[in-house]
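Protein chains in written order, with my numbering: chain Y, 1 to 112; chain B, 1 to 112; chain V, 1 to 112.
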Amino acid sequence: MKMIMAIIHHEDEMDTVRCLNEQNFFVTKLSTTGGFLKGKNTTIMIGTEDERVDDAVNVIRENAGKRRAIRYDNSGNLTGGSYTGINMPVPLEVEVGGCTIFEFPIDRIEKF
Amino acid sequence: MKMIMAIIHHEDEMDTVRCLNEQNFFVTKLSTTGGFLKGKNTTIMIGTEDERVDDAVNVIRENAGKRRAIRYDNSGNLTGGSYTGINMPVPLEVEVGGCTIFEFPIDRIEKF
Amino acid sequence: MKMIMAIIHHEDEMDTVRCLNEQNFFVTKLSTTGGFLKGKNTTIMIGTEDERVDDAVNVIRENAGKRRAIRYDNSGNLTGGSYTGINMPVPLEVEVGGCTIFEFPIDRIEKF
Ligand code: NI
Ligand code: NI
Ligand code: NI
């Protein structure tokens, strides 16, 4: 048995937990701060059999790992010069996500 | 040395922690959500010697495990037909509680 | 690899975390209650190589362990007899701090 503890961005919590639940992993969530990720983040804990650890780790990596994403920035419209009346969001490729995953041995899991 | 981590219903937190304290277990509590128990729950952590693990697990099971309980329901008085002026709570046997207990090996516990 | 989990006084959180960061330990923080320390406290978690465990433990002990400190008490001015118009804080040597440190084996730490 293993305990997987992952510290993920709060923005990635919903997708990560939904995907883990779809694969029948029970997830317990804590609100945490600091660490490898600065600021508020979410720590998720999953107890599972050894042979399912890699599946859980893959789901977490896909949903919460560092990755490129397109964000639409329209801050230029607020700070720019003369107002044109046109709201033109600018697509930007940014890096999002990032997670740390710890894997612990567990002696026993019981449900009562 | 072992760490016992138990996810219990928040309703069972007070009794569980009081009984653990009575048996000289120190309990650290976290607010958690989700997992095997849906919604808000409480995670308690106890560090203890190997030979006392079963005592702690028994206390948690008795106070936070699934069990039958009588609840008095008077919602019928609010939603029912003509109001009789009588408040008659109906006893219902319901299932309450439910907990997941993880047991981890610990290399060392120190108090400074 | 080891996980160090330390339950410290919230008053000692800032210094402890700053000193750990200065020594390149990443710290994840949780708000916890109860346990060996009564009331609100902070649980910090650090994943590290075996050979750095003692360094982390020393930093935590120095910043969050039990120690003597001088506190200035002027409650006497509020509860004493006739008011003299003089605010005279009294230096008192008090015991502050106190922490519990758990060290767990970890199978794996990954950053994605
Ligand atoms: Ni974030
Ligand atoms: Ni509940
Ligand atoms: Ni305190």
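Just so you know, even glycine gets a beta-carbon here, dropped at the ideal spot from N, CA and C. Just so it is clear, the structure is predicted and the values come from calculations on it, not from any experiment.
Can you tell me which of the three DSSP states ASP73 (chain B) falls into? Looking up residue 73 (chain B) in the second sequence gives position 73. Of the three classes helix, strand and coil, the one that applies to ASP73 (chain B) here is strand, per DSSP.
Neighbour flag for ARG18 (chain Y) against chain B, beta carbons, 8 angstroms: As a first step, residue 18 (chain Y) must be located in the first sequence, where it is residue number 18. Closer than 8 angstroms: no.
**Study point:** For MET14 (chain B), the three-state DSSP class (helix, strand or coil)
**Key:** On the second sequence, residue 14 (chain B) is found 14 positions in, with the first residue counted as 1. Reduced to three states, the DSSP call for MET14 (chain B) is helix.
C-alpha gap between LEU20 (chain V) and ILE70 (chain B), whole angstroms: In the third sequence, counting from the first residue as 1, residue 20 (chain V) sits at position 20. In the second sequence, counting from the first residue as 1, residue 70 (chain B) sits at position 70. For the pair LEU20 (chain V) and ILE70 (chain B), the Cα-to-Cα distance works out to about 51 angstroms.
Short CB-CB distance (under 8 angstroms) between LYS111 (chain V) and chain Y: Taking the third sequence and counting its residues from 1, the one referred to as residue 111 (chain V) is at position 111. Residue contact with chain Y for LYS111 (chain V): present (Cβ-Cβ distance below 8 angstroms to some residue of chain Y).
*asked:* Mapping the DSSP letters down to three states, classify VAL27 (chain Y) as helix, strand or coil.
replied: Translated into positions along the first sequence, residue 27 (chain Y) becomes position 27. Coil, per DSSP.
Q.
Run through chain Y and tell me which residues come within less than 9 angstroms of ILE106 (chain B), C-beta to C-beta.
A. As a first step, residue 106 (chain B) is located in the second sequence; it is residue number 106 there, counting from the start. What ILE106 (chain B) touches in chain Y: nothing, since even the nearest Cβ is about 10 angstroms away.
- request: Output yes if chain Y places a C-beta closer than 8 angstroms to the C-beta of LEU92 (chain V); else output no.
  value: Here residue 92 (chain V) refers to the residue found at position 92 when the third sequence is read from its first residue. So, not an interface residue.
Would DSSP call ILE4 (chain B) helix, strand or coil?
Translated into the one-based positions of the second sequence, residue 4 (chain B) becomes position 4. DSSP places ILE4 (chain B) in strand when its eight states are reduced to three.
Notebook entry, point to check: Taking Cβ-Cβ distances shorter than 7 angstroms, what residues in chain B pair up with GLY65 (chain V)?
Noted result: The residue labelled residue 65 (chain V) in the question sits at position 65 within the third sequence. The contacting residues are PHE112.
Using a C-beta to C-beta distance shorter than 9 angstroms, which residues of chain B count as neighbours of ARG34 (chain V)?
Position 34 of the third sequence, counting from 1, holds the residue named residue 34 (chain V). What sits at residue 34 (chain V) in the sequence shown is Gly, not Arg. Residues of chain B with a Cβ closer than 9 angstroms to the Cβ of GLY34 (chain V) are, in chain order, VAL17, ASN21, PHE26, VAL27, THR28, LYS29 and ILE44.
Practice problem: Spell out whether any CB of chain V is found under 8 angstroms from the CB atom of GLU11 (chain Y). | Solution: For the purposes of this step, residue 11 (chain Y) is taken as the residue at position 11 of the first sequence. Proximity of GLU11 (chain Y) to chain V, defined by a Cβ-Cβ separation below 8 angstroms, is not satisfied.
Can you pull the DSSP bridge partners for PRO105 (chain Y)?
Translated into positions along the first sequence, residue 105 (chain Y) becomes position 105. PRO105 (chain Y) is bridged to Y:LYS2.
> To the nearest whole angstrom, what separates the beta carbons of GLU51 (chain Y) and ASP107 (chain V), a pair I think is in contact under 8 angstroms?
Replying inline: As a working note, residue 51 (chain Y) is residue 51 in the first sequence. As a working note, residue 107 (chain V) is residue 107 in the third sequence. Not a contact, Cβ separation roughly 14 angstroms.
**Q.** Chain-ordered neighbours of MET3 (chain B) on chain V, where CB pairs are closer than 9 angstroms
**A.** Your numbering for residue 3 (chain B) matches position 3 in the second sequence. Contacts between MET3 (chain B) and chain V, judged by CB atoms closer than 9 angstroms, involve MET5, PHE102 and PHE104 in chain order.
Check: Taking Cβ to Cβ, would you say ALA64 (chain V) is nearer than 8 angstroms to ILE4 (chain V)?
Finding: For the purposes of this step, residue 64 (chain V) is taken as residue 64 along the third sequence, with counting starting at 1. For the purposes of this step, residue 4 (chain V) is taken as residue 4 along the third sequence, with counting starting at 1. For the pair ALA64 (chain V) and ILE4 (chain V), the CB atoms are not nearer than the 8 angstroms cut-off.
For the alpha helix (DSSP H) containing GLU62 (chain V), name the first residue and the last one. The residue labelled residue 62 (chain V) in the question sits at position 62 within the third sequence. In this chain, the alpha helix (DSSP H) harbouring GLU62 (chain V) covers 53–64.
Checking 8 angstroms against the spacing of the C-beta atoms, do GLU62 (chain B) and MET1 (chain B) come in under that value?
Locating residue 62 (chain B) in the second sequence gives position 62, where the first residue counts as 1. Locating residue 1 (chain B) in the second sequence gives position 1, where the first residue counts as 1. It is not a contact, given that the beta carbons lie outside the stated cut-off.
Coil, strand or helix - ASN87 (chain V) by DSSP: Counting from 1 along the third sequence, the entry for residue 87 (chain V) is found at position 87. The three-state reading of DSSP puts ASN87 (chain V) in coil, since its state is none of H, G, I, E or B.
Self-check item: The beta strand (DSSP E) enclosing GLY97 (chain V), as first and last residue numbers
Solution: By 1-based counting over the third sequence, the position of residue 97 (chain V) is 97. No beta strand (DSSP E) contains GLY97 (chain V), which DSSP labels as neither H nor E.
Just to check my reading of the structure: ASN44 (chain B) and ILE8 (chain B) have Cβ atoms closer than 8 angstroms, yes? What is that Cβ distance to the nearest angstrom?
Counting from one through the second sequence, the residue named residue 44 (chain B) turns up at place 44. Counting from one through the second sequence, the residue named residue 8 (chain B) turns up at place 8. Here residue 44 (chain B) is Ile; the residue named in the question, Asn, does not match the sequence. Contact flag correct, Cβ pair sits at about 7 angstroms.
Inset, instruction - To the nearest angstrom, report how far apart TYR135 (chain Y) and GLU95 (chain Y) are at their CA atoms. - result: The first residue shown for chain Y is 1 and the last is 112, placing residue 135 (chain Y) beyond what the model contains.
- Message: Give me the chain Y residues within the contact set of GLY47 (chain V), using Cβ-Cβ distance strictly less than 7 angstroms, ordered along the chain.
- Response: Taking the first residue of the third sequence as position 1, residue 47 (chain V) is located at position 47. The contact set of GLY47 (chain V) on chain Y, defined by CB atoms closer than 7 angstroms, consists of PHE102 in chain order.
Query raised in the report: Does ligand 5 have a heavy atom nearer than 7 angstroms to the CB of MET1 (chain V)?
Result: Among the ligands modelled here, namely ligand 1, ligand 2 and ligand 3, ligand 5 does not occur.
**OP:** Would you verify that the beta carbon of ARG61 (chain Y) is, or is not, closer than 8 angstroms to some beta carbon of chain V?
**Re:** Position 61 of the first sequence holds residue 61 (chain Y). Yes - at least one Cβ of chain V is within 8 angstroms of the one on ARG61 (chain Y).
- prompt: Exposed or buried, what is LYS40 (chain Y) when buried is set at 16 or more other beta-carbons lying within 10 Å of its beta-carbon?
  reply: Numbered from 1 along the first sequence, position 40 holds the residue referred to as residue 40 (chain Y). Under this definition LYS40 (chain Y) is an exposed residue.
Grouping DSSP H, G and I as helix and E and B as strand, with all else coil, what is GLU110 (chain B)?
Here the question's residue 110 (chain B) lines up with position 110 in the second sequence. Strand.
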